[in-house]
Each structure stands twice: as C-alpha cells, then as structure tokens.
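Chemist: What follows is a structure written as structure tokens; I'll ask about it next.
Number of protein chains: 2
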Amino acid sequence: MQRYFVKPTLKTGSQFELDSNVSKHWLQVMRGVPGDQAEFVDGTETLYLGQLNEDHSVTVVKPLANHVELPIKVTILSGLPKQEKAEWIVQKATEMGADTICFFGADWSVAKWQPNKLSKKLTRLQKIAQGAAEQAHRTHIPTVRYFNTLKQAITELKFDHLLVAYEEAAKQGEQAQLVKLLSQTKTGEQLTAVFGPEGGVSPAEMQFLEQNQATVAGLGPRILRTETAPLYFLAAVSTMLELQ
Amino acid sequence: MQRYFVKPTLKTGSQFELDSNVSKHWLQVMRGVPGDQAEFVDGTETLYLGQLNEDHSVTVVKPLANHVELPIKVTILSGLPKQEKAEWIVQKATEMGADTICFFGADWSVAKWQPNKLSKKLTRLQKIAQGAAEQAHRTHIPTVRYFNTLKQAITELKFDHLLVAYEEAAKQGEQAQLVKLLSQTKTGEQLTAVFGPEGGVSPAEMQFLEQNQATVAGLGPRILRTETAPLYFLAAVSTMLELQ
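So the protein sequences, as listed, match chains E and L.
Numbering follows UniProt numbering, with no gaps: position 237 of the first sequence is 237.
Numbering follows UniProt numbering, with no gaps: position 120 of the second sequence is 120.
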C-alpha cells in the first residue's frame with residue numbers, strides 16, 4: 001500500500017483534499033479508484049489509513065500503529081564530500097533512519113558549495129530525503145542542512161551525545177566506544193555523529209570535538225569511505241537499539 | 001602506510017620483486033624511495049611489513065598482526081539490480097567485510113546480463129572489489145560471481161547458515177530472526193545472505209529458500225532498497241560479532 005506525507009493534522013472520520021503531487025501519483029501513476037486505500041503521515045508524523053472518495057477527497061479511516069523510527073534521534077553531520085556523494089548519503093541515511101542530515105565545509109573538504117547555489121542544492125537534497133522517507137515507510141522526513149564550518153554546526157545543533165567516527169581510532173583497533181555510548185543513550189535523546197570528508201577530520205577539528213566532549217570511535221576494524229561510514233553507524237544504532 | 005596485495009607466499013627475511021601495478025603505484029604515484037616501508041598481503045592473506053631496497057626489490061621485514069576480517073565468512077547473494085548498483089554493492093560490501101559477493105538473475109530482476117558481456121562485467125567488478133579491499137585495509141579480496149538463477153547459486157555455494165532478507169517480514173515487524181541467527185554462528189562458519197532485486201524476492205524463490213531451511217529475517221523496521229540492504233546486514237554482523 002502506498003504511503004504519502006501530507007501537511008495538515010488529520011483526525012479519524014474527517015476528510016481532506018489531496019495536494020497535486022499526491023493526487024497525480026495515486027490517481028494517475030497508481031490508477032487509484034474510489035474505495036482504494038492508502039497510508040497517510042500527517043503534519044504531526046502520525047500515521048493514518050485513508051480511503052479515496054468518489055469526489056477524490058480522502059476520508060481518514062483510522063490511525064495505524066507505527067514503530068518505524070529509531071528510538072534515538074540521530075543527526076548525521078558529514079564533512080562535505082565530492083560530487084554526487086551528498087545525494088547518496090541523504091538517500092541512504094534516510095532509508096536507515098537518520099533524523100537530520102547535515103553537511104559542513106570541513107577543513108579537508110575538496111568540494112565546496114557556492115553560496116549562490118546552496119539553496120538550490122538543499123532543495124534538491126530535501127526532495128531526495130522525502131522520496132527516500134516515503135519508500136522506507138518512515139513517518140519522519142529528515143531535514144537536510146548545511147553549515148560553513150564544523151564549529152558553526154556544533155554551536156547550532158542541539159544534542160545529548162556527540163560522537164566522531166575517526167579513522168585513526170579504527171586503525172588502532174578501537175572498537176568499544178561506539179557500543180559504550182549507545183548503551184548509555186535513553187529513548188528520545190539526540191545524538192550527533194560527525195564524519196570526515198574524503199581526507200578525514202583535521203587535527204584542529206578533532207581538537208574542537210574533544211573540547212566538546214565528543215566520544216571518539218572506530219566503526220569496526222575496516223576503513224570505511226566517507227559515504228559508507230554514516231550507514232555503518234545508523235545500522236549499528238538499529239542493531240543495538242531496535243533488534244536487541 | 002600503503003597496503004598492497006601480492007600473489008606469492010612471503011616469508012620474513014626473504015626478498016621479492018614488485019609486479020608492475022604495485023611498482024607503478026609505490027614508486028611513481030607515491031614517490032617511494034629505498035628505505036620506505038609498506039604493508040603487503042601475501043597469497044595466504046597474511047600481512048607483512050616490507051621495505052624497499054636500492055634495486056627496487058622488497059625485503060620482508062616481519063609479519064604484522066591483523067584482525068580486519070569478519071569472524072564469519074559472509075556471502076552476499078543479491079538479485080541482479082539495475083544499472084550501476086552492482087558496482088556500488090561490490091564496492092561497499094567489500095568495505096563492510098563481505099567474503100564473497102554474488103549476483104543472480106532473480107525472477108523479478110529487471111536487469112539482465114548478456115552471456116557475451118558477462119566475463120567483462122565480472123572482471124570489472126573484481127577490480128572494484130580489489131580496490132575497495134585495499135582502501136579498507138582488508139587482507140581478503142572478495143570474489144565476485146554470477147549465477148543465472150537462485151537455485152543454481154544455492155546449489156553451488158557452500159554455507160553453514162542461509163538467510164533471506166524479506167521486505168514483507170520487516171513490514172510485519174519481524175526483528176528477532178537476524179539477531180537469533182547471528183548469535184548461533186561460530187567463528188569461521190559461512191553464512192549466505194540473500195537479497196531480492198528492486199522488485200523483491202518472488203514467491204517461488206521464497207518457497208525454494210524455505211525448503212532449504214533459510215532464516216527469513218527483517219532488517220529493522222524500515223524498508224531498505226536492494227543496494228542498501230546488504231550494507232545494513234554486514235554492519236549488523238560487525239556490530240554483533242566484532243563490537244560486542
């Protein structure tokens with residue numbers, strides 16, 4: 001059954017009109033007819049069952065149970081990567097349950113986002129996040145953000161826990177910090193996880209993170225690319241907090 | 001320090017000649033000079049420290065400790081996906097520790113690999129696996145294989161455990177089977193994990209897998225794309241068997 005995100009707050013028994021995007025997908029692409037049902041995530045991220053009426057409005061049938069979101073809110077904070085990797089990270093991190101996905105201009109980022117193109121890029125990435133959230137059957141669409149520097153990101157973001165995935169730690173065999181940190185989290189808390197760009201996190205950035213009480217963790221013994229590391233991390237969070 | 005894969009079996013104190021690929025990378029790209037050192041993985045997947053001599057041969061200095069491989073051998077068996085996804089899967093599954101990466105012509109695969117182009121494709125994918133293994137600092141390069149059908153793959157592959165990641169199981173909230181299976185594995189055992197193509201695993205394929213005692217598992221509550229699911233799985237294996 002399809003799932004659509006809608007803006008208003010829904011209520012069992014009420015009716016609402018489909019916006020043009022949803023209407024086009026359900027009625028034309030999926031050839032929906034009156035009596036057909038679909039799932040709707042409303043503006044409060046609550047999931048409902050909806051049924052298509054003769055006049056193409058939708059009646060809210062009932063709320064649906066849904067436990068699709070990670071128990072902690074994970075912000076992925078990645079040093080800006082090259083080329084289309086940002087799109088890939090947004091799509092896959094959304095599939096894997098990230099709450100927010102942020103990029104920052106890292107000391108060692110090769111790529112740069114020009115200020116005049118930033119708005120267009122973020123709009124595109126936000127669309128990718130929405131599409132991925134729908135396909136993953138999530139009730140939350142991650143917000144995509146950009147910060148010029150790591151300092152600005154850390155200053156502005158709110159979090160209960162801060163972690164940096166550090167390649168050098170992995171090379172030294174560090175494998176305990178990630179599990180230790182995750183076992184200390186409580187449901188509903190916010191965790192920001194920092195990942196370096198292709199060149200890694202710079203010494204100045206590491207020093208700044210350590211001053212901000214960041215947990216320095218290896219992600220298993222293999223060296224992961226900048227676009228792979230956030231996915232390992234999100235899968236580890238899911239494995240530890242959802243499956244066990 | 002760079003790491004290179006070499007074919008012969010090495011021995012502390014012995015000398016060997018660099019092949020042209022390694023020679024080109026170390027001497028030209030990295031501008032290596034006599035006295036410089038690098039890591040070498042030999043034909044038995046043992047890691048050694050090597051030092052460059054005046055005549056550009058290499059002396060094997062000593063073996064190095066290395067625990068970079070997953071404790072169980074995971075074969076990723078994926079229904080053939082569309083376009084370049086096979087390359088992404090090979091690269092990222094190698095980063096994440098897969099032992100073998102196989103594709104099969106699934107009932108619902110949209111993509112098809114023509115027999116006359118198969119050899120060229122596999123050669124290319126094998127190269128991607130080697131590059132990813134080197135960058136990930138692994139000692140094992142996954143073999144990439146192709147089977148015309150799931151039946152052929154299951155008949156030919158050897159494994160102690162068989163699992164299929166099933167979207168319908170995830171939708172029904174199944175979250176226990178993956179953890180249960182992984183906690184039953186012993187170091188050195190072989191596990192084959194089956195993933196459907198974009199369309200999913202067909203009923204006939206599911207029936208065949210169940211007849212072969214496959215564990216049917218959800219990978220967390222979110223629906224993952226065909227190229228993302230194997231990465232979640234490998235990260236879950238690492239989280240459970242390496243970090244804990």
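Built from N, CA and C at the ideal position, the CB exists for glycine as well.
#1: For L:P221, go through chain E and note every residue whose CB falls closer than 7 Å to its CB, in chain order.
#2: Using a Cβ cut-off of 8 Å, pull out every chain E residue sitting near L:Y232, in sequence order please.
#3: What's the C-alpha gap between L:G220 and E:G97?
#4: So that I know if they touch, is there some Cβ in chain L lying closer than 8 Å to that of E:Q172?
#5: Using beta carbons (cut-off 8 Å, strictly below), is E:K158 in contact with chain L?
#6: Got a sec, what are the start and stop residues for the alpha helix (DSSP H) L:T123 sits in?
#7: Bridge partners for L:V194 per DSSP, in chain order?
#8: Between the beta-carbon of E:F195 and the beta-carbon of E:T149, is there less than 8 Å?
#9: Quick one: any contact between the stretch 44–57 of chain E and the stretch 22–36 of chain E, if contact means 3 or more CB pairs under 8 Å?
#10: Thinking just about the alpha-carbon of each residue, which of E:L125, E:F233 and E:F5 is nearest to the one in E:L181?
#11: Can you find a CB in chain L that lies within less than 8 Å of the CB of E:L49?
#12: Between which two residues does the alpha helix (DSSP H) holding E:T155 run?
#13: Does E:L178 come within less than 8 Å of chain L when only Cβ atoms are used?
#14: Hey, is L:A111's beta-carbon within less than 8 Å of any beta-carbon in chain E?
#15: Could you name the residues of chain L that E:L18 contacts, counting a contact when the two beta carbons are closer than 8 Å?
#16: Are E:T82 and E:E198 close, meaning C-beta to C-beta below 8 Å?
#17: Note down, in chain order, all residues in the stretch 81–93 of chain L with a beta-carbon under 9 Å from any beta-carbon belonging to chain E.
#18: Specify the secondary structure class of L:Q83 as computed by DSSP and reduced to three states.
#19: How far does the alpha helix (DSSP H) with E:F159 in it extend, from its first residue to its last?
#20: Cβ of L:T12 less than 8 Å from any chain E Cβ?
#21: For a test of the three-state rule: what should DSSP assign to E:T215, helix, strand or coil?
#22: Restricting to Cα atoms, I'd like to know which of L:P34, L:G50 and L:R222 is closest to L:V41.
#23: Quick check: is the beta carbon of E:H137 nearer than 8 Å to any beta carbon in chain L?
#24: Roughly how many angstroms lie between the CA atoms of L:Q190 and E:G43, to the nearest whole one?
#25: How would you call L:R222, buried or exposed, if buried means at least 16 neighbouring beta carbons within 10 angstroms?
#26: Beta-carbon separation of E:A133 and E:T94 under 8 Å?
#27: I'd like to know if the stretch 200–220 of chain L and the stretch 170–187 of chain L are in contact, where contact means that at least 3 CB-CB pairs between them fall below 8 Å.
#28: L:Q175 touches chain E at which residues, Cβ-Cβ below 7 Å?
#29: Measure the alpha-carbon distance for E:M206 versus E:G200 and round it to whole angstroms.
#30: Exposed or buried, which one is L:T12 when buried takes at least 16 other CB atoms within 10 Å?
#31: Are the stretch 153–164 of chain E and the stretch 115–129 of chain E touching by the rule of at least three beta carbon pairs closer than 8 Å?
#32: Which of helix, strand or coil does DSSP assign to L:P230?
#33: According to DSSP, is E:I89 part of a helix, a strand, or is it coil?
#34: For chain E, find out if any of its Cβ atoms is closer than 8 Å to the Cβ of L:T123; answer yes or no.
#35: When you compare the CB of L:L191 with every CB in chain E, is at least one pair closer than 8 Å?
#36: Are the beta-carbon atoms of L:T75 and L:F159 separated by less than 8 Å?
Modeler: This is what the structure holds:
#1: H67, V68 and E242
#2: M96, L231, A235 and S238
#3: 10 Å
#4: no
#5: no
#6: P115 to Q135
#7: L:L77 and L:V164
#8: no
#9: yes
#10: E:F233
#11: no
#12: L150 to E156
#13: yes
#14: no
#15: Per Cβ cutoff of 8 Å: no residues; E:L18 is ~23 Å from chain L at best.
#16: What sits at residue 82 of chain E in the sequence shown is Lys, not Thr. Yes, these two residues count as a Cβ contact at 8 Å.
#17: W88, Q91 and K92
#18: coil
#19: Segment: none, E:F159 is in no alpha helix (DSSP H) and carries neither H nor E.
#20: no
#21: strand
#22: L:G50
#23: yes
#24: 46 Å
#25: buried
#26: yes
#27: yes
#28: E242 and L243
#29: 10 Å
#30: exposed
#31: no
#32: helix
#33: helix
#34: no
#35: no
#36: yes
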